[in-house]
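To get our numbering, take the position in the sequence shown, counting from 1, and add 846. The structure under discussion appears below in the form of structure tokens.
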Amino acid sequence: MLFDFHTHTFLSDGVLLPIELIRRAVAGGYNAIGVTDHASYSTMGYVIDAVVADCKLAEKYWDIRAIPGVEITHVPPEVIPAMAKEARWRGAQLIVCHGETPVEPVPPGTVLAALQCSDIDVLAHPGPITVELASLAASRGIFLELSARRGHSLANGSVAAAARQAGALCLVNSDTHEPGDLLTEDFARGVAAGAGLSPEEMEAVLVTNPQRLLEKIAAGRS
Ligand SMILES: [Zn+2]
Ligand SMILES: [Zn+2]
């Protein structure tokens, strides 16, 4: 089983067309892929329209769940709730917020704003996170990301430890920008193991939690 809720295409700073990214995910044995290009008010309209079209096409012909989404990225934290609502209204079925990764100057307060917003589904690479913040994620059902991406992954240990104490749910995502970034089952397992998870926790993070998110997305579709 292989799931990934955070990937990019050339609609933002990835290199592939959405349908090619999804094709490569099918070929790599993915069960589900979220296509979540960076967006703000400037690009949200065309990014979501384009990704919705290719996800529909992929699901019609291929055996994969292809979920159109966005990653709200580097915006003032104050506007995150309104922007997430607008993304959903425009057809995004998966709202990721770009968290306070240790390797980028993300506005401070982004993680708190995202975790106070019920329209956010996944907080990507939160950076070092407190148990109090992870508790907000647990109470709102927001998934915390363990990142497979270099740099962003530096804080995975902190995220896993805080999530364990708070009872928050984690996922492993690739944050793919190029074809070689896509996950394999072995690599996803290695990311989870590297974050210090037990075998039972790894099963939850790699299989059970992704299935829960898929159920939440399916409920939002109808
Ligand atoms: Zn990017
Ligand atoms: Zn990303």
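Built from N, CA and C at the ideal position, the CB exists for glycine as well.
Roughly how far, in whole angstroms, is the beta-carbon of residue i from the beta-carbon of residue j, given that I think they are within contact range, below 8 Å?
i, j, result
"H998", "T947", "5 Å"
"V952", "V968", "In fact, because the Cβ distance is near 15 Å, the residues do not count as touching under 8 Å."
"A912", "C901", "4 Å"
"D883", "A930", "Actually they do not touch by this definition, with Cβ atoms about 15 Å apart."
"G1042", "G1003", "6 Å"
"S993", "H1023", "Not a contact, Cβ separation roughly 12 Å."
"A1014", "L1029", "Contact flag wrong, Cβ pair sits at about 21 Å."
"L848", "G875", "5 Å"
"V916", "V949", "Contact doesn't hold; Cβ gap of about 21 Å is too wide."
Please classify residue i: does DSSP put it in a helix, a strand, or coil?
i, result
"D895", "helix"
"A828", "Residue 828 falls outside the range modelled here, since the chain spans only 847 to 1068, and no answer is possible."
"C901", "helix"
"F856", "coil"
"H944", "strand"
"P923", "helix"
"L1060", "helix"
"F1033", "helix"
"R996", "coil"
"G880", "strand"
"L1043", "coil"
"I918", "strand"
"V952", "coil"
"V861", "coil"
ask   = Counting only runs that start and end within the stretch 1004-1031, where is the beta strand (DSSP E) found for 3 or more residues in a row?
value = 1016-1019
Contact between the stretch 860-878 and the stretch 920-939 (3+ Cβ pairs under 8 Å) = no
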